[in-house]
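Notes follow the structure.
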Amino acid sequence: MTDYIEGRRPLIEALRTEVPLQYILMADNVKRDSLIGDIERKARQRNIEIRKVPKKKLDDMSERGSHQGVMAATKPFEYVGTRDITNAAAVYAEEHNGRALVVILDHITDAGNLGAIARSAEAVGASGIIIPGKRAASVTAATYKSSAGAISHMPVAKVANLNDSIERLKKEGFWVAAASEQVDGMIWDTNLKGKIALVMGNENEGVSRLVLDNCDFTCALPMEGKVGSLNVAQAFTACAYEWLRQNF
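Under my numbering, think of the first position of the sequence shown as 179, with each following residue one higher.
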């Protein structure tokens with residue numbers, strides 16, 4: 179199913195963050211202003227076709243009624259297989275003293291969180307992200323925006339069964355660590371050296387019991403304030419940089 183971006187500023191942001199676009203639909207009676215000019219200029223730079231259509235067509239297609247005379251059809255994200263990620267991790271480990279990081283997201287539901295995690299994952303040198311194929315966020319325009327374009331450089335595998343991927347990672351020499359609030363051991367005291375697969379749980383329920391039971395160990399971030407937890411993307415960033423610190 180094609181995902182559409184509606185509105186002038188959202189479309190400019192999509193062009194800026196290099197969201198893959200198939201084409202842009204523009205109302206044939208659209209009022210030209212600096213934003214429309216910017217869209218046309220950026221589209222030419224990226225060789226993206228602009229199709230002039232009647233405004234009624236956009237009205238009929240719009241889900242939010244906020245197209246402002248422009249909509250863009252996004253290209254489907256190109257997912258990879260788990261094997262592609264483990265192969266990339268093996269190459270990375272050879273070049274970085276045996277360290278590698280793979281991220282496993284246990285039914286994260288917000289596409290923005292997925293993008294924010296991808297941004298931090300790319301920053302620390304992670305080899306890829308593994309997500310479930312059902313009941314979880316996929317890569318959308320919101321993901322590109324929150325990742326500031328980093329998702330374009332981060333392999334993502336969509337799999338039928340997370341535990342099957344965990345078993346494959348174990349066979350490739352990875353230790354699988356789950357970030358969870360329900361443990362006593364702090365991440366600072368956890369050995370994250372070498373090849374690590376870091377599991378982050380759902381925004382509301384955390385890591386599921388089935389996945390948790392298949393992990394080698396768990397770790398938690400210390401909480402000194404009155405708020406009991408961090409947003410999953412913030413928590414991942416802290417955990418990922420602790421992995422990098424230990425391996426630097």
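Every residue, glycine too, gets a C-beta built ideally from N, C-alpha and C.
Hey, Leu193 and Ile217 are a contact pair by Cβ (cut 8 Å); roughly how many whole angstroms apart? 7 Å
Can you tell me whether Lys349 is buried or exposed, with buried defined as 16 or more other CB within 10 angstroms of its CB? exposed
Measuring straight from C-alpha to C-alpha, what distance separates Val337 and Lys209? 45 Å
Please classify Val287: does DSSP put it in a helix, a strand, or coil? Going by the sequence as given, residue 287 is Thr instead of Val. Looking at Thr287 - three-state DSSP - the assignment turns out to be coil, as it is neither helix nor strand.
Per DSSP, what kind of secondary structure is Ala251 in: helix, strand or coil? strand
Which residues does DSSP list as the beta-bridge partners of Pro310? Val337
Is Tyr147 helix, strand or coil when you go by DSSP? For residue 147 there is no data in the structure shown, the boundaries of the chain being 179 and 426.
Contact between the segment 282-300 and the segment 329-343 is defined here as three or more beta-carbon pairs at a separation below 8 Å; is this criterion met? yes
Report buried or exposed for Asn291, applying the criterion of at least 16 other Cβ atoms within 10 angstroms of its Cβ. buried
Would you mind working out which of Thr415, Gly379, Arg277, Arg313 sits nearest Leu370, comparing C-alpha positions? Arg277
How many angstroms separate the CA atom of Arg378 from the CA atom of Phe426? Reading off the sequence, residue 378 comes out as Met, not Arg. If you take the alpha carbons of Met378 and Phe426, they lie about 22 Å apart.
Own chain partners of Asn207 with C-beta closer than 7 Å, once the 5 adjacent residues on each side are dropped: Lys233
Measuring alpha carbon to alpha carbon, tell me which of Pro188, Asp211, Gly351, Asp367 ends up nearest Asn265. Gly351
Neighbour-count burial assignment, Asp284, 16 or more Cβ in a 10 Å radius: buried
With DSSP as the reference, label Glu300 as helix, strand or coil. helix
What first and last residue would you give for the alpha helix (DSSP H) that runs through Arg229? Taken as a continuous stretch (DSSP letters only), Arg229 belongs to no alpha helix (DSSP H), being part of the beta strand (DSSP E) at 227-231.
If we count the other Cβ atoms within 10 Å of its Cβ and call it buried at 16 or more, is Lys253 buried or exposed? exposed
Would you mind giving the Cβ-Cβ distance between Gly306 and Val280, rounded to the nearest angstrom? I have them listed as a contact below 8 Å. 6 Å
Going straight from the alpha carbon of Arg242 to that of Leu399, what length do you get? 39 Å
Which of helix, strand or coil DSSP assigns to Cys417: helix
Which value, in whole angstroms, describes the spacing of the CA atoms of Glu359 and Arg313? 22 Å
Buried or exposed: where does His274 fall if 16 or more other Cβ atoms within 10 Å of its Cβ makes it buried? exposed
With a threshold of 6 Å on Cβ separation, who are the neighbours of Thr180 within its own chain once the five nearest residues in sequence on each side are excluded? Ala251
Residue closest to Asn382, alpha-carbon to alpha-carbon, out of Ser212, His245, Asp288: Asp288
Selection from Arg224, Gly247, Lys220 that minimises the alpha carbon distance to Lys230: Gly247
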